[in-house]
Structures are given as structure tokens and as C-alpha cells.
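Quick note, the sequences are listed as chains A and B, same order. Throughout the first sequence, residue numbering follows UniProt numbering, covering 1 to 348 in sequence. Throughout the second sequence, residue numbering follows UniProt numbering, covering 1 to 348 in sequence. First up is the structure itself, then whatever we jot down about it.
2 protein chains.
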Amino acid sequence: MAAAAPPLKDELDIVIPTIRNLDFLEMWRPFFQPYHLIIVQDGDPSKTIKVPDGFDYELYNRNDINRILGPKASCISFKDSACRCFGYMVSKKKYIFTIDDDCFVAKDPSGKQINALEQHIKNLLCPSTPLFFNTLYEPFRDGSDFVRGYPFSLREGVPTAVSHGLWLNIPDYDAPTQLVKPLERNTKYVDAVLTIPKGTLFPMCGMNLAFDRDLIGPAMYFGLMGDGQPIGRYDDMWAGWCTKVICDHLGLGVKTGLPYIWHSKASNPFVNLKKEYNGIFWQEEIIPFFQAATLSKDSTTVQKCYIELSKQVKEKLGKVDPYFVKLADAMETWIQAWDELNPPTKAK
Amino acid sequence: MAAAAPPLKDELDIVIPTIRNLDFLEMWRPFFQPYHLIIVQDGDPSKTIKVPDGFDYELYNRNDINRILGPKASCISFKDSACRCFGYMVSKKKYIFTIDDDCFVAKDPSGKQINALEQHIKNLLCPSTPLFFNTLYEPFRDGSDFVRGYPFSLREGVPTAVSHGLWLNIPDYDAPTQLVKPLERNTKYVDAVLTIPKGTLFPMCGMNLAFDRDLIGPAMYFGLMGDGQPIGRYDDMWAGWCTKVICDHLGLGVKTGLPYIWHSKASNPFVNLKKEYNGIFWQEEIIPFFQAATLSKDSTTVQKCYIELSKQVKEKLGKVDPYFVKLADAMETWIQAWDELNPPTKAK
């Protein structure tokens, strides 16, 4: 494999939100160095973030975001890794891979280092099967197929928009679970990729995530979190709920499972609880809202879907808390900013 | 573990349909011997089926079925492993495990023999989570839990009605796939159990299957297959579609994944194609039918659900082929026979 050209080298950006020097890239060097990085620097813009030599990157701090988006910069979170979605917006590539800076290369059960990016690309480049469950999981992997009883008309599948990877070591638990199980580590390597069925929501984690920006990019808004907001750690969840509803509506697929990364350090559960407690409360209303959400036939593009969804958020979740009115407005601003930076071309 | 009493020893029957001597039980002896077996002998009733010494069993051949059910025996298939569902009906236990006689003990990646029955019991005795997908799969396994963003109100789950196990070695492929990939073997041990989400259908295979008879038994009818019928190898599929629709309606869960068994021999793809070709054609209409099927609020028991479904089968699938009219009638007969052999008790 070392001799082969890196897949999608010129069609994929790696987006990394960070507040520190990117030493973690050293371990990823064999896999990431051929690709272009978009680094979104959170927090104090006067701080200098060191990037190891040899990586090709562009870096945006808060001043850059404010300069590029002007008043629309209000839709990009500050002091929260939700700011990463700015990187999705300024990318000009078809695919995005985003990873947290506390995520390292994991090993498979044979001890081999896992090229997470390569697996994400595999996931994105083959179809999804959201309309019927295949009990042997991903039918397109080597040695797998559709099982008896799988309708032939559904075997072509649908385009894959999202590839959601998992984590060995520190599992992605909420603060209450972290508090109750401080020592729990994920040691189970589950050798599977599967499509999340149509109509089913899932908790999308932004730590190790890839997507097709052309297919679903404008839905990957990570919301208003962090500084000045009553909530944190729901940025990726929000994006996941919106994305899944829109993928289901547009006939796109979402996969989860492989690849694993090694998640090195558990965040502080007390800090997390403070960030999360509103979300823990609100998600009991948010999830039924998204489970019931339907989009109209006129919503034929991601942007149109997203604007329609934002109106429903304002109307229905606005009753839960005024925060959702603000969030709904930010969703609209996000789309305006997206379209400004990504003007429609005739080719599309 | 060897010292512990076998779980559910007096509450579970193992149902085995067969046409041959049950030598395969030798390999299962350490795991099955404490349990009671119900053997359903298919084909020539004058043939003697040898059961290895030391197993506790009852055996029914076609004469027995005819004697016990009288005219209602018409709902039990002949010359097809679909006849196994007779065993579900005569059992008086709460749980059923059914296995094919070409299925042997598989090994996990560490080389340890897998006690399939024990894993099925674990699956059945802990809740299912059909309303939201957990990305770390079964949250109730050791070392696993619900991930961040999983609504707390849904973490209790729902009772598990079905545990669908998988197969190493010969995968459960249809005839066309067998023909195209004669050498494909399943070597991938996926260390996962997961709940099939509400609203999602799956191809349920009867080779390695357990269920809670009290919760879902009357829906586990394996249809009219084999002798005198225009279709075979859709018995378990039919049961799976009906069961899933009814589980979704009644708020019950269906799990798939572990345990694996070792499936030893591929059936003849040419023979299979002859059995399957109508099913391959019809499933393109059957699956949309089941995907759209809804049951009324009055259908509060499995029996009522099943009768309601049978009427819908007659009305909607009867147009596809007259076979489905006959099948719908057999579904009703099945429920009558079930209720005759399992009269409602005050305790239930």
C-alpha cells in the first residue's frame, strides 16, 4: 500500500480544531502528511500554534473568522470545538475528515496501526444501505455480501454522505456516565461498518468523523456552544441529528463503526457536567422533535432542507428554551455564510 | 462457569428440525445436555432418527403432527425445515432456542469454543434499545454503556423478544449469491450485539435463533413452504418480517449479532434457486408491504396482531399471487392451533 498514491489526496481536507501545539500530528504523519490540513485555532488568537514540519496547512484563528465572515461570524462558536465547522465552510474539497487533537493512531487486534483516514475513505466511496438491515453488516467489504432475503432492488444502495468512526480507550461518555464509571475503557474492537437505518437517529461524535462535503456539507453545522452559550458538548450531536434527518430525506447514507482511533484523555467530568446539563435535559425534547421531523418535497438541496429545519427548530424547540430561537437564527446565518463562501457553480 | 447451574435450564427448549440422525449434538453436548430438546422430524415418518445417548428429548414426526393438530396440521409445512415451528407450539417453556443440524460449535478469536446458547440467553435477558442507535452497540455488555447524547429516558430499553445469532464459515446467502461466490466463507468475527432499530426490517435466519415464547411465540410461524408449495427457504424470512412488525408495534426488541455458530455445509445452490425463485421475485413486493404495515391500537396481544396482519396479507399480497391467500389462511389456522395447545391461563 505504501507505494500507492494516497486516496483522494487532492479531494480531501483534514479539519482540526485546537487550542494547543499539534504534536499529536507526529503519530499521524505517515497517514496525514500527503493531505492538506485546515486548522481552526480556538481561544486566544494571539497565541501561536505550532504545527510539526512537513505538513501542508492553513490556519484560522478567531480574528481570521471575524475578518472572513464579518457579522456572520456570530454563527461560529468560540471557546468550544464546535468552531471546527468553520473549516468545513472554507474548504474547497469534496471530502472532509475531522479529528480531535487528543486522538491518536489505534491498533487493530493483530497489532497493526490503523489508517483511520483510509477506512473513512473506503466507507464514503461505497454505497450505504439504509432501507433494510444486512445482518452481516457492510455488504461491500471483502468477504461480505448481502444475505439471503435481502431484496435485490435495494442492493445498489444509496450514496454515502457520512462515515462515523469510533474510539478505543476512552469512550465518548457523557459527564454522568464518566462520573459513575471513571475507569471504564473501551477495549472492544468491533470489526464492523454498518449503515444506520433510515428513520433512526444516532449520537454523532465529532472526534473521528468524515463526510462528503458536496453531499451534506451545509448540514454539518456544529451549532452555538461554548462562550456565551448555555450549553456545550452538544455541537456534534446537533450536527448529527440535523444531518441524519436530512440524509434520510435526500436518500443519503450514514455509516458507523470502523475506523477506530485511540482516544487518549478523558475530559474533566465536572467541567463536562457544567457544559452538558442543559443538553441532558433538553435532549429529551430535542430527540422526539427530530424523530418526528419531516421535510417537504420542495426541499431538494441540503441548504433548503437546513433552512426548513431551522424554521421548525424555532417554532417547536423555541418553546423549550429561548436558546433555540437564537440557534435557529444561527442556522440560517450559517447557510448564508456557507453560500457566500461557496457560491453555486454551473457545474453543480 | 462449569460449576454454575445452566441458565434457564427449566425455562428453555431447544427446537431442532431434522431428517437425519442427530450426531451433530455430540459437539454441543457440553452446552445442550442440561436442556430439553424438541425434535421435529421432517419427511418420512417411518424413518428412525437416532439421538445420541444422554439427551432429554421429545420427538415429533409427521404422524404426530397430524394426530395432535388434526385438520389444523395443514398449517405446518412438510419437507421443509419450516416444520420447526411446530416445536414452538408444543413447547411449554418461556424461551426457545432453535438450531439447524448442520450447525456446529464455533470458536471465538481466542480459540475458545462459543457457548451459543449462553449468549442468546444473555441477549434475551437484558433489554433492547430500538428507539435510538447506540454507536458502541449493546450498552448492557461488560465494558460498554450508552454514549454521550443517548437520551436518559430511553436507557431502560424495552424487553427483548428475539436474539438472532450469526454464522461463521458458510454465510447465509441466497442461491444467486451462492452461485456467484461459491467459495466465499465468513471468517469475520464481529464482537457485537445490537438492537435492530424500530421501523427497520431485517432478514431473520432460523439457523441460530432464540426468542421469548411468552412475548412473541405466536408470531414465529414459519409459513407454508416445501411440499406442495411454490416456495422454500423463505420460512424464517417470513417469520422475521411478521415478528419485527409486531415487535415494533408492541414495543419489544430484536437483537442480532453474537453468538456465532459454525455453519458447516452449503446447501446446493441449484436446488436452492428452484426453491427461492418465487421468493426472490415476491420479496420485492413483500418487503414494501411489511415496511408500510401498521397495526391498530386494538391489537394488544401477539395473537391479535398476527390475525390483523394475516388479513392485510390476504388483502394486499393476495393480489401478488394466490399463494398469499392460502398463506394468510394458514396464518389464521396457526393461531387457532397455537391457542388450542396453549390455552390462556389466568396467570397471563
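The C-beta atom is built at its ideal place from N, Cα and C for all residues, glycine as well.
- If you look at Glu-58(B), you'll find it isn't in any alpha helix (DSSP H); it sits in the beta strand (DSSP E) that goes 56-60.
- Within the same chain, Asn-115, Leu-117 come within 6 Å of Phe-31(B) by CB-CB distance, once the 5 residues on both sides are set aside.
- Scanning Pro-230(A), Gly-217(A), Pro-203(A) for the CA closest to the CA of Gly-240(A) turns up Pro-203(A).
- Sequence-distant partners of Tyr-60(A) (beyond 5 residues in either direction) whose C-beta falls short of 8 Å from its own C-beta, in its chain, are Ile-38, Ile-39, Val-40, Gln-41, Ile-68, Phe-86, Gly-87, Val-90.
- Look at Lys-181(B): its C-beta is under 8 Å from a C-beta on chain A.
- Counting only runs of 3+ residues, the beta strand (DSSP E) found wholly inside the stretch 191-233 of chain A occupies 193-195, 208-212, in chain order.
- In the DSSP annotation of this structure, the continuous segment of the alpha helix (DSSP H) that includes Leu-125(B) starts and ends at 116-125.
- For Leu-327(B), no Cβ of chain A is located within less than 8 Å of the residue's own Cβ.
- Between Gln-291(A) and the set Glu-340(A), Leu-309(A), Asn-278(A), the nearest pair of CA atoms involves Leu-309(A).
- Arg-213(A) sits close to Tyr-95(A), with the two beta carbons spaced by under 8 Å.
- Ranked by Cα distance from Leu-25(A), the options Gly-70(A), Cys-126(A), Cys-103(A) are led by Cys-103(A).
- The beta carbons of Pro-130(B) and Val-158(B) sit closer together than 8 Å.
- Residues of the stretch 203-233 of chain B with a C-beta less than 8 Å from any C-beta of chain A: Pro-203, Met-204, Cys-205, Arg-233, listed in chain order.
- At least one C-beta of chain B is nearer than 8 Å to the C-beta of Arg-148(A).
- When the beta-carbon positions are compared, Phe-281(B) and Leu-317(B) stay at least 8 Å from each other.
- Between the alpha carbons of Val-193(B) and Leu-258(A) lies a gap of roughly 16 Å.
- A distance below 8 Å separates the beta carbons of Asn-208(B) and Trp-167(B).
- By the beta-carbon neighbour count (other beta carbons within 10 angstroms, threshold 16), Lys-50(B) is exposed.
- With fewer than 16 other Cβ atoms from the protein chains shown falling within 10 Å of its own Cβ, Val-271(B) counts as exposed.
- For Val-15(B), the closest alpha carbon among the candidates Asp-44(B), Ser-46(B), Phe-55(B) is that of Phe-55(B).
- Bridge pairing for Cys-103(A): His-263(A) [DSSP].
- Flagged as an interface residue toward chain B: Pro-109(A), by a C-beta distance shorter than 8 Å.
- Counting only the Cα atoms, Arg-141(B) lies some 26 Å from Arg-29(B).
- For Leu-168(B), DSSP records a beta bridge to Trp-262(B).
- Three or more beta-carbon pairs separated by less than 8 Å link the stretch 216-233 of chain B to the stretch 74-85 of chain B, which places the two stretches in contact.
- Here Leu-183(A) is exposed: its Cβ has fewer than 16 other Cβ atoms, across all protein chains shown, within 10 Å.
- Among the residues facing chain A, Pro-197(B) is included, as its CB has a counterpart in that chain under 8 Å away.
- As a beta-bridge residue in DSSP terms, Lys-255(B) pairs with Ser-163(B), Thr-195(B).
- Taking C-beta separations shorter than 8 Å and ignoring five residues to either side along the sequence, the partners of Lys-198(A) in its chain run Pro-130, Leu-131, Asp-248, following chain order.
- Nearest in C-alpha terms to Phe-222(B), of all of Trp-238(B), Ala-210(B), Leu-215(B), is Trp-238(B).
- Between Lys-314(B) and Ala-328(B), the CB-CB gap stays under 8 Å.
- With its beta carbon less than 8 Å from one in chain B, Asn-186(A) belongs to the interface.
- About 5 Å separates the beta carbons of Ala-219(B) and Val-302(B), which is inside the 8 Å limit, making them a contact pair.
- When rounded, the separation of the alpha-carbon atoms in His-120(A) and Asn-63(A) is 32 Å.
- Put simply, of Lys-92(A), Ile-99(A), Ile-170(A), Thr-160(A) the residue whose alpha carbon is nearest the alpha carbon of Leu-215(A) is Thr-160(A).
- Secondary structure note for Gln-41(B): it is in no alpha helix (DSSP H), and the uninterrupted beta strand (DSSP E) holding it is 36-41.
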